[in-house]
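Take a look at the structure below.
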Amino acid sequence: MSPVVLVVVVALVGGATAAGDFVFGYGSLINDASRQRTCPGSTIAYPARLSGYRRAWRYAAENMTAVGVYPADRKSSVHGVVFRVNPGHLPALDHRERHYARVRVKHGDLVTIGLDRDVVGERDRVWLYVLVEGHFPKCDRPIRQGYVDVIMQGCLGTLGVRFAREFVIQTEDWDGCWVNDRDDRTNRRVPIDKATLQLVDMILSDTIPRQFANRLNHIASY
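Numbering (mature numbering (1 follows the signal peptide of the UniProt record, and there is no 0)) for the sequence shown: -18 to -1, 1 to 204.
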C-alpha cells in the first residue's frame, strides 16, 4: 500500500472515476443536506471510523472556526462517514474545502461501522481533507452553534444519539469562544426542526457541561 500522499487542494490530483473515489467526511459533510449541496446525487454515506487522526476546532474560516483533522498516533481515531463521489464531485469538494489539503488515506486506516460488507474496495481511493494550519477559536472567529447544529443533525441521522455524542467527545477545543447564533438567520445552513435543536443541546450539556455553560448568547462586533 502506498504511503499517504499529500495533495494541496489547489493542485487537483487527476479526475475522479465513478467506481473508484470515496471521501471521508467528519464535519458538515456528515449532514446529508449539506453534502448534497456540493455533491448532488451522491450515494449513501456510510458510518465509518478513521484511525491515525484527531479532530479539533482549529480551522479559521472567514467569520468562524470550523472543525479539521490532523495526523496523530495510531490509537487516535475519528468517526464520520465515507461516501462515493462521481467525476464532478472532487473538484466541487476541493473548492468547498479549498483551505484544507486533500490527502489519500490507507485502506487499513478506515473501517465502516455496523456493516457486514466492505463498502470501499482495495483498488478504490479514499480522500480526506486535513488542516494546513491550526487556529484556536477566538471571538473574532468563534465556534458557531449553527454550524455545530448541522454536524449534529448529520450525526443523529447517521447512527443516532450515540454517534452524535461520539462527535462531541472526539472533538478538541470546545473551550474556545463558542456563540449561540441560532437567531441569526443569515447563518442558517440547512433546515433543522426545534425538537432536533433541543436534542442537540441536551447531548452537548450532558457531554461537555462546563463548556456548554460557557457558550455565549452574543459576542461583540469585530
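Glycine residues also receive a C-beta, built at the ideal position from the N, C-alpha and C atoms.
For clarity, every value in this text was computed on a predicted model and none was experimentally measured.
1) Just list the residues that DSSP pairs Asp3 with in beta bridges.
2) Please classify Val182: does DSSP put it in a helix, a strand, or coil?
3) Indicate the three-state DSSP secondary structure (helix, strand or coil) for Arg66 in the structure shown.
4) Can you tell me which residues form a DSSP beta bridge with Tyr52?
5) Inspect the beta-carbon positions of Ile133 and Trp160 and report whether they are closer than 9 Å.
6) Would you mind giving the Cβ-Cβ distance between Arg40 and Gly50, rounded to the nearest angstrom? I have them listed as a contact below 8 Å.
7) Do you know whose CA, among Leu186, Tyr52 and Arg164, lies nearest Lys176's CA?
8) Taking just the CA atoms, how far does Tyr8 sit from Val(-14)?
9) Relative to the alpha-carbon of Asn162, which residue among His200, Arg105, Leu181 and Val172 has its alpha-carbon at the smallest distance?
10) Between which two residues does the beta strand (DSSP E) holding Thr94 run?
11) Going by DSSP, what residue range makes up the beta strand (DSSP E) through Ala83?
So, to answer that:
1) Taking the sequence shown and counting its residues from 1, the one referred to as residue 3 is at position 21. Beta-bridge pairing links Asp3 to Arg107.
2) On the sequence shown, position 200 is the one that residue 182 refers to. In the structure shown, Val182 sits in a helix (DSSP, three-state: H, G or I).
3) For the purposes of this step, residue 66 is taken as residue 84 along the sequence shown, with counting starting at 1. It is a strand residue.
4) Position 70 of the sequence shown, counted from the start, is the residue given in the question as residue 52. Its beta-bridge partners are Arg36.
5) As a first step, residue 133 must be located in the sequence shown, where it is residue number 151. As a first step, residue 160 must be located in the sequence shown, where it is residue number 178. It is not a contact, given that the beta carbons lie outside the stated cut-off.
6) By one-based count along the sequence shown, residue 40 stands at place 58. By one-based count along the sequence shown, residue 50 stands at place 68. Indeed they touch by this definition, with Cβ atoms about 5 Å apart.
7) Within the sequence shown, residue 176 is the residue found at index 194, counting from 1. The candidate whose alpha carbon is nearest that of Lys176 is Arg164.
8) Here residue -14 refers to the residue found at position 5 of the sequence shown. Here residue 8 refers to the residue found at position 26 of the sequence shown. Residue confidence is low: Val(-14) scores 34 on pLDDT, short of 50, so the model does not pin down where it sits. No coordinate-derived value is stated.
9) By 1-based counting over the sequence shown, the position of residue 162 is 180. The shortest Cα separation from Asn162 among His200, Arg105, Leu181 and Val172 belongs to His200.
10) By one-based count along the sequence shown, residue 94 stands at place 112. Per DSSP, Thr94 belongs to the beta strand (DSSP E) from Leu92 to Thr94.
11) Residue mapping note: residue 83 aligns to position 101 of the sequence shown, counting from 1. Note, Ala83: beta strand (DSSP E), Ala83 to Arg86.
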